[in-house]
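Participant: One structure follows; several queries about it will come next.
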């Protein structure tokens, strides 16, 4: 009798500072690849204009978030920009076991926690802005946060950029179409029937697709 074994799914972990483009890129990958499941994070922050509850995030009260922490319901959780964020544990455990790929839009803390628990299932990708001036322009142009919040995000971005060597692959998002092409290629590389693209070694042991640059953003004084 022939027995079929379901291949384990992949945990696609995408991180970046706010404004570097990870949400835009992950949403596009999801739209093109229905086999991917998006991990909807829980958060205590207020819902922004244009966001949809239980699609972009599960928006919950701090007390409910704390109760989930106490009951061990999160695979990872962190305090970011004055709010709490977390990834539910059950879907993360079920996805790879059932052969489904799951994509995560998380910060470096979430990425570190997820890859530490599921190292062989994880594909870690860090999205870099071309430089800090571009990042500042993107954040200020979104008009979704108060000026004080934007300045805190910019300060936090410098700290977050220090963690890019912890990721397997880096993509500099200086051109959206090119960046998306690299992200898509990296994802398809993990599928059994897809050939791997040419890669090159990056600082800190990371790898970047040959079309997507492999360096940290240029330092620049913020305006």
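Numbering (this note's numbering), first residue to last: 561 to 783. Idealized CB from N, CA, C, for every residue including glycine.
Helix, strand or coil, according to DSSP, for residue 574 in the structure here?
Facilitator: Three-state DSSP puts residue 574 in a strand.
Participant: Return the first residue and the last residue of the beta strand (DSSP E) that residue 682 is part of.
Facilitator: Segment 682-688, the beta strand (DSSP E) holding residue 682.
Participant: Since residue 710 contacts residue 700 with CB under 8 Å, what's their CB separation in whole angstroms?
Facilitator: Sure, about 6 Å apart at Cβ, within 8 Å.
Participant: With distances taken from CA atoms, which of 738, 617 and 675 is nearest residue 607?
Facilitator: Nearest option by C-alpha distance: 617.
Participant: According to DSSP, is residue 710 part of a helix, a strand, or is it coil?
Facilitator: Residue state, collapsed to three classes: helix.
Participant: Taking the alpha carbon of residue 721 as the reference point, which residue from 669, 679, 609 and 749 has its own alpha carbon closest?
Facilitator: Per the Cα distances, 669.
Participant: In angstroms with no decimal places, state the Cα-to-Cα distance between residue 574 and residue 665.
Facilitator: One C-alpha to the other measures close to 5 Å.
Participant: Going by DSSP in three states, residue 731 sits in which element: helix, strand or coil?
Facilitator: Residue 731: strand per DSSP, three-state reduction.
Participant: Pick helix, strand or coil for residue 762, following the three-state DSSP scheme.
Facilitator: Confidence at residue 762 is low in this model, with a pLDDT of 45, below 50, so its placement is unreliable and the value that follows should be read with caution. If DSSP states are grouped into helix, strand and coil, residue 762 belongs with coil.
Participant: Check the DSSP bridge columns for residue 784 and list the partner residues they point to.
Facilitator: Since the first residue shown for the chain is 561 and the last is 783, residue 784 is missing from the structure and cannot be characterised.
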